[in-house]
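Beneath this line is the structure, given in structure tokens, with notes to follow.
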Amino acid sequence: MLAGREECSVSLTAFDRSYDELRARWPGFTEELDVATPYGPTRVLAYGPADGSPLVLLPGGSATGLVWFANAPALGTRHRLYAVDLMGDAGRTSRQGTHLKNANDLMAWLDALLDGLGIPRAAVCGHSYGAWIAATYALHAPRRVERLALVDPTQVFAGFRPGYLMRALPTLIRPTEARARSFLAWETADAHPDETWQRLYALACTVPGRTFVTGRRPPAAELSMPVLVLLAERSRAHDAGKIAERARRVLRQGEVTVLPGATHHSLPLTAPELLNARLLDFLDARHRMPGR
496 MLAGREECSV
506 SLTAFDRSYD
516 ELRARWPGFT
526 EELDVATPYG
536 PTRVLAYGPA
546 DGSPLVLLPG
556 GSATGLVWFA
566 NAPALGTRHR
576 LYAVDLMGDA
586 GRTSRQGTHL
596 KNANDLMAWL
606 DALLDGLGIP
616 RAAVCGHSYG
626 AWIAATYALH
636 APRRVERLAL
646 VDPTQVFAGF
656 RPGYLMRALP
666 TLIRPTEARA
676 RSFLAWETAD
686 AHPDETWQRL
696 YALACTVPGR
706 TFVTGRRPPA
716 AELSMPVLVL
726 LAERSRAHDA
736 GKIAERARRV
746 LRQGEVTVLP
756 GATHHSLPLT
766 APELLNARLL
776 DFLDARHRMP
786 GR
């Protein structure tokens, strides 16, 4: 038991070092906020003009809010960004007070987070697991979500490919940095995500005590706000073509773009220019239903 505790301590120290290294890649004047919620203080990186329209960024599992570092300079020119370390995941968000037990708790946490930030209404963008959270929240509190962007969303329009789950299984059952790295290398192939972020992701997978709250697949046809779906052409999490077809069919106000060459885990940080441009067009309401 002593050896196990020592290993966890080393892992956490290495994770913290990697976290700080990637944090330094964010633009100057980025603020670090610790927002009180009933579930514990939530770490948020805030960047962009104070009077800019708010954009809440929710990362995928193990990615941390830092994953948006390559997107922040462009997105933060006109918008006030709030990049969140998810409650229950690795990062600087602390689990204190009430435990997250189900999707209702997760929605209550986001309600409290937006209240604490003083944001009555915002655009919300999520990637992967963060996209599931974002879509679920948009149905929970539609008046608070002005626009919704889903970046290669999982468990929203379809489930995971069985092959993806089989590849992820060793990291889920007995996570090590090497196993997480191997899984990333398989999924991203020649996309080559940033090395500093890869190291942080792999270490995040080994942080003890992480808890991911999930629930039913959100009924996307009931989303009432404009929705942008950005899909990774070479995603191994699911079939991008089938997801695009279903999203176009079910969304009331949907725009769907397949990002060429992208993979699930290489988003949103690899070759961010196209993602940034497409997202900014959507947020500024300049694009109207392309590709429908």
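Quick note on numbering: the sequence shown equals residues 496 to 787 in the working numbering. A virtual CB, placed ideally from N, CA and C, is assigned to each residue, including glycine.
State the DSSP-derived secondary structure class of Leu550, mapped to helix, strand or coil. What you label residue 550 is simply residue 55 of the sequence shown in a count that begins at 1. Leu550: strand per DSSP, three-state reduction.
Exposed unless 16 or more other CB atoms sit within 10 angstroms - verdict on Gln591: Position 96 of the sequence shown holds residue 591. When all chains shown are included, Gln591 counts as exposed.
Kindly indicate the opening and closing residues of the alpha helix (DSSP H) around Thr752. Sequence index remark: in the sequence shown, residue 752 carries index 257 (1-based). First-last for Thr752: Gly749 to Leu754, but that is the beta strand (DSSP E), not the alpha helix (DSSP H).
Could you check which residue in Ile628, Asp511, Val745 and Ala541 has the C-alpha nearest to that of Pro554? On the sequence shown, position 59 is the one that residue 554 refers to. Residue Ile628 is the option with its Cα nearest to Pro554.
Using a Cβ-Cβ cut-off of 6 angstroms (strictly less than) and excluding sequence neighbours within five positions of Pro665, which residues of its own chain qualify? Position 170 of the sequence shown, counted from the start, is the residue given in the question as residue 665. So the qualifying residues of the chain are Arg674.
Assign Gly499 to one of two classes, buried (16 or more other C-beta atoms within 10 Å of its C-beta) or exposed (fewer than that). Within the sequence shown, numbered from 1, the residue matching residue 499 stands at position 4. A caution first: Gly499 carries a pLDDT of 31, below 50, which makes its placement in the model too unreliable to give a value.
Compute the distance between the beta-carbons of Pro767 and Ala626, then report whether it is under 7 angstroms. For the purposes of this step, residue 767 is taken as residue 272 along the sequence shown, with counting starting at 1. For the purposes of this step, residue 626 is taken as residue 131 along the sequence shown, with counting starting at 1. No, these two residues do not count as a Cβ contact at 7 angstroms.
To which residues does DSSP link Cys620 through a beta bridge? Translated into positions along the sequence shown, residue 620 becomes position 125. Cys620 pairs with Leu552 and Ala644.
Does DSSP put Leu774 in a helix, a strand or coil? Numbered from its first residue, the sequence shown carries residue 774 at position 279. Note: Leu774 maps to helix in three-state DSSP.
Name the one or two DSSP bridge partners that His733 has. Position 238 of the sequence shown, counting from 1, holds the residue named residue 733. None, per the DSSP bridge assignment.
What are the complete alpha helix (DSSP H) segments, minimum 4 residues, inside the region 688-713? 690-699
What residue from Asn597, Glu527 and Val651 has the CA that sits closest to Ala732's CA? Counting from one through the sequence shown, the residue named residue 732 turns up at place 237. For the residues Asn597, Glu527 and Val651, the minimum Cα distance to Ala732 belongs to Val651.
Buried or exposed for Ala663, please, with buried defined as at least 16 other CB atoms from any protein chain shown within 10 angstroms of its CB. Within the sequence shown, the letter at position 168 stands for residue 663. Buried.
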